[in-house]
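Visitor: My questions will all concern the structure given below.
In UniProt numbering, the protein residues as written are 1 to 222.
The structure is reproduced here in C-alpha cells:
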C-alpha cells in the first residue's frame with residue numbers, strides 16, 4: 001500500500017514538473033518571437049520574418065498567408081532605410097496549451113530621408129502553437145509617439161511621421177485603467193495576484209486603436 005501511494009505521489013510530482021517545464025518552454029519560445037521579429041525587420045530578411053507567423057495569417061483587405069504578409073512588410077519597410085528595434089517589456093499570458101496573448105514594448109529608430117524618427121509603441125500580440133512551434137497569429141502596434149529627433153513629443157498629437165498628417169495616436173484607448181485614473185471614474189476591482197492574467201486585466205476586452213495605416217496598411221486585430 002505504501003509503495004502504491006509513493007508511486008502515485010511520484011507520478012503527480014512528475015506530471016507537475018512536466019507541466020511547469022512546458023510552461024517555461026512556451027514562454028521562452030514566445031519571447032524569442034519578439035526578439036526575432038525585431039532583428040529580422042532591421043536586417044530586412046523578409047523570408048525569415050514571415051516564417052515567424054502562422055501560415056494562414058490574416059493580413060487584411062481580404063488577403064491571407066505568408067506571401068501576402070511579405071508583400072505588406074516590403075511596402076511598409078521601403079518607407080525608411082535604417083531601423084533599430086529595441087524590445088523591452090514582454091508580458092505573456094498563456095490561454096491554453098496552444099494559444100497565448102502578449103504585450104511587447106518597443107522603441108524604434110528610423111532613418112526617413114533627412115530625418116531621424118523615433119517611435120515608442122506597444123505590440124498587442126496573439127500567438128499560436130502549430131506542430132509544436134510557437135508562432136505569431138497576429139500582431140497589432142499601438143504607437144505612443146513617432147516624431148523626428150528634434151521634434152518634442154509633447155501635446156496630444158504625438159504622431160508626426162514625416163510626410164503624414166499630424167494626429168493623436170489612441171495609444172491609451174485599450175487601457176480602461178487610464179481613463180479611470182484621470183477621470184476619477186469607478187475603479188474596476190482586481191483580486192488577482194501575480195502576472196499570469198495581467199494581459200487580460202490590462203486590456204479587459206477592449207478593441208485596439210486603428211494602426212497608423214500610412215506606416216503599415218495590412219494589420220488586423222487577429
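Ideal Cβ positions, reconstructed from N, Cα and C, are used throughout, including at glycine.
1. For residue 207 and residue 176, what's the separation of their Cα atoms in angstroms?
2. Residue 117 lies in the beta strand (DSSP E); which residues open and close that run?
3. In the structure shown, what three-state DSSP assignment does residue 53 receive?
4. Name the two residues that bound the continuous alpha helix (DSSP H) containing residue 73.
5. So the candidates are 132, 140, 180, 112; which of them puts its Cα closest to the Cα of residue 164?
6. Which residues mark the beginning and the end of the beta strand (DSSP E) in which residue 134 is found?
7. Considering only their Cβ atoms, is the gap separating residue 146 from residue 159 smaller than 8 angstroms?
8. Are the CB atoms of residue 86 and residue 31 within a distance shorter than 8 angstroms?
9. Enumerate in chain order the residues of its own chain whose CB-to-CB distance from residue 101 is below 6 angstroms, with the five nearest sequence positions on each side excluded.
Guide: Working from what's here:
1. Going from the Cα of residue 207 to the Cα of residue 176 covers about 11 angstroms.
2. It spans 115-130 - the beta strand (DSSP E) in which residue 117 sits, taken as one unbroken run.
3. Strand, per DSSP.
4. Segment 66-77, the alpha helix (DSSP H) holding residue 73.
5. Closest in alpha carbon position to residue 164, among 132, 140, 180, 112, is 112.
6. Segment 133-148, the beta strand (DSSP E) holding residue 134.
7. Against a cut-off of 8 angstroms, the Cβ pair of residue 146 and residue 159 comes out as a contact.
8. Cβ distance not < 8 angstroms, so residue 31 and residue 86 don't count as in contact.
9. Result list for residue 101: 93, 126, 199, in chain order.
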